[in-house]
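Below: one structure, written as structure tokens.
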Amino acid sequence: MTADRAQDDPGHQGFVDDFADPDLDLSVWVPSYLPQWSSRAASAATYAVRDSCLHLTIPPEHGLWCPDDHGPLRVSGVQSGVFAGPVGSTIGQQPVREGALVREAQPTMWGWTPRFGRLELRARMDLTSRSMAAWWLVGLEDQPDRCGELCVVEVFGDAITAEGAAVGMGVHPFRDPRLVDDFDAPRVPIDVSEFHTYSVDWAPDGASFAVDGLVIRTADVVPDYPMQSMVAVFDFPDRADPDDADQAAHVPALVVDRIGMAPDQTPSA
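Residue numbering for the sequence shown follows our numbering, starting at 54 and increasing by one per position.
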């Protein structure tokens, strides 16, 4: 099954996607990265759905994201919601810079936007020192202060060693006055090129972040509003090593086997 969710379920609280269908469910996923700051076409992901997995990649021909407003960055990502104001306004999620203006109007979409629960991602990554992969949840900013972030997993390729990887996780407040920055990247003894399950148990009184069921860290103050998922792989061209031909030819990838509510929290058929 793919993109299963309970009927009459605001925010698809019972959602799980195991990518069994031949393409994304576009009632849940936007296959572009923060398109309001450029356009859906200019921020479109390079992706494929095959072998019951979502493959997000950055091949050599993949263009820069918001090159007029951001340093050199390439990204392939999907997001489970979108909210922005009219063209020319500053209303929109995770602005590319302070004072950024909406360049393309977006139809509001609340795809998978849970409020609390145990959420998880099973995925693997193929990274070099110039790339990164992540899954984080953010408020839709339908109200300006509903903008906080729960980062469940963030791995930079240059933080991977033979002994494991630094796995970023925690809370970023942005402009939410309730929240405090509570983020760290503890080293976890895993090979991120293999499949692992990254999860957050998110409740009104805090959140715990785990890898393969082992709690790594906790946060006491968390967002208390519906949040959308952002799943993406990034490439930073300005970190390129000009003497490393293998790095230049490498295609960063994030392969997602499953994302959604933990199995014991999804509704039965």
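Idealized CB from N, CA, C, for every residue including glycine. As the structure is a prediction and not an experimental result, all values here were calculated from the model.
Residue burial is scored here from C-beta neighbours: Ala94 has fewer than 16 other C-beta atoms within 10 angstroms and is therefore classed as exposed. Within the DSSP bridge table, the entry for His108 names Ala101, Val308 as partners. Residue environment for Arg231: exposed (fewer than 16 other C-beta atoms within 10 angstroms of its C-beta). In the three-state reduction of the DSSP assignment, Asp291 falls in the helix class, which pools H, G and I. In terms of CA proximity to Ser96, Gly130 leads the group Gly130, Pro279, Ala306, Thr214. Using a 10 angstroms sphere on the CB of Ala302, the tally of other CB atoms stays under 16, which defines it as exposed. Distances from the alpha-carbon of Phe227 to those of Asp258, Arg175, Val191, Thr143 put Val191 closest. Taking 8 Å as the cut-off, the beta carbon of Val102 is found closer than this to the beta carbon of Pro75.
Counting along the chain, the unbroken alpha helix (DSSP H) around Asp299 starts and ends at 298-302.
With fewer than 16 neighbouring CB atoms inside 10 Å of its own CB, Thr214 falls in the exposed class.
Listed as beta-bridge partners of Tyr251 by DSSP are Leu174, Val264.
Taking a contact to require three or more Cβ pairs closer than 8 Å, the region 282-297 and the region 112-129 qualify as touching.
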